[in-house]
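Structure first, then comments.
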Amino acid sequence: MALTKADLVETLLEETELNKHEAKELIDQFFEEVKSALESGSSVKLSGFGNFDLRDKKQRPGRNPKTGEEIPITARRVVTFKPGQKLKAKVEDYSDTHQN
Amino acid sequence: MTKSELIEILANRFHNLPQGEVELAVKSLLEQMSNALSFGERIEIRGFGSFSLHYRPPRVGRNPKTGDSVELNSKYVPHFKPGKELRDRVNLSGGNAAED
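Here it is in structure tokens:
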């Protein structure tokens with residue numbers, strides 16, 4: 000099962016004084032502000048969690064996997080996420096209990 | 000944009016909420032997302048993107064100071080895949096990003 004906005008709402012109801020409507024609005028606005036910042040060209044640094052950075056990619060040759068036809072992949076700006084130290088450390092603990 | 004700037008923007012937008020609740024809520028959201036990943040659970044936020052863990056196989060690394068080789072266990076690292084809306088908004092705003 001994946002964590003969704005509905006789960007985030009439920010926990011905010013337990014951990015804050017917000018009501019359901021406020022919790023929903025705040026969560027939507029939280030993600031909207033991060034998107035807006037990235038859209039305007041700013042990176043977003045959430046200490047402890049990670050940084051959302053922007054990278055400009057040049058055009059490069061690509062291929063339609065179905066037809067094999069060559070089509071260029073146009074230049075574009077993409078979002079990358081670099082997890083912070085604290086998040087990486089937490090996930091390493093999961094790694095330690097799930098070695099294969 | 001930093002976490003404190005994000006909190007400030009949201010606090011202005013939700014100025015009717017009790018003092019401190021926005022900060023508490025933002026910290027709770029980031030904590031919930033970190034926790035989910037540390038349990039190996041995916042996060043799916045429509046329009047924003049999804050977070051999951053990517054497996055890294057064991058490898059032999061080197062101590063950069065001494066040059067000694069060290070065996071590194073397999074591990075999981077957090078990964079973010081931007082959703083369609085975020086991809087499109089960032090890419091359109093960076094439309095002339097092809098130059099460099």
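Going down the list, the sequences are from chains A and B.
Residue 0 is where the first sequence starts when you use numbering that gives the first Met the number 0, and the numbers rise one by one after that.
Residue 0 is where the second sequence starts when you use numbering that gives the first Met the number 0, and the numbers rise one by one after that.
For glycine and all other residues, C-beta sits at the position ideal for the given N, C-alpha and C.
In this text, all values refer to a predicted model and were calculated from it rather than measured experimentally.
Own chain partners of residue i with C-beta closer than 8 Å, once the 5 adjacent residues on each side are dropped
i, result
"residue 113 of chain A", "Here chain A has residues from 0 to 99 only, and residue 113 of chain A is not among them."
"residue 74 of chain A", "55, 56, 57 and 58"
Nearest-angstrom beta carbon gap, residue j and residue i [assumed within contact, 8 Å]
i, j, result
"residue 73 of chain B", "residue 61 of chain B", "Contact flag wrong, Cβ pair sits at about 18 Å."
"residue 27 of chain B", "residue 15 of chain A", "7 Å"
"residue 77 of chain B", "residue 37 of chain A", "About 18 Å; that fails the 8 Å criterion."
"residue 49 of chain B", "residue 83 of chain B", "Not really, about 11 Å apart at Cβ, beyond 8 Å."
Cβ neighbours of residue i in the same chain (closer than 7 Å, five flanking residues each side left out)
i, result
"residue 72 of chain A", "58, 59 and 61"
Start and end residues, alpha helix (DSSP H) containing residue i
i, result
"residue 11 of chain B", "2–12"
"residue 34 of chain B", "20–37"
Beta strand (DSSP E) segment containing residue i, residue limits
i, result
"residue 68 of chain B", "68–71"
"residue 80 of chain A", "75–82"
"residue 44 of chain A", "43–45"
Cutoff 6 Å; reference residue i; Cβ partners in own chain excluding five residues on either side
i, result
"residue 9 of chain B", "21"
"residue 81 of chain A", "49 and 50"
Selection from the options that minimises the alpha carbon distance to residue i
i, options, result
"residue 55 of chain A", "B/90, B/5 and B/0", "B/90"
"residue 0 of chain A", "B/85, B/14 and B/39", "B/39"
"residue 84 of chain A", "A/46, A/97 and A/93", "A/46"
Opposing strand residues paired with residue i [DSSP bridges]
i, result
"residue 94 of chain A", "Answer is none; residue 94 of chain A lacks a bridge partner."
"residue 74 of chain B", "B/55"
"residue 81 of chain B", "B/48"
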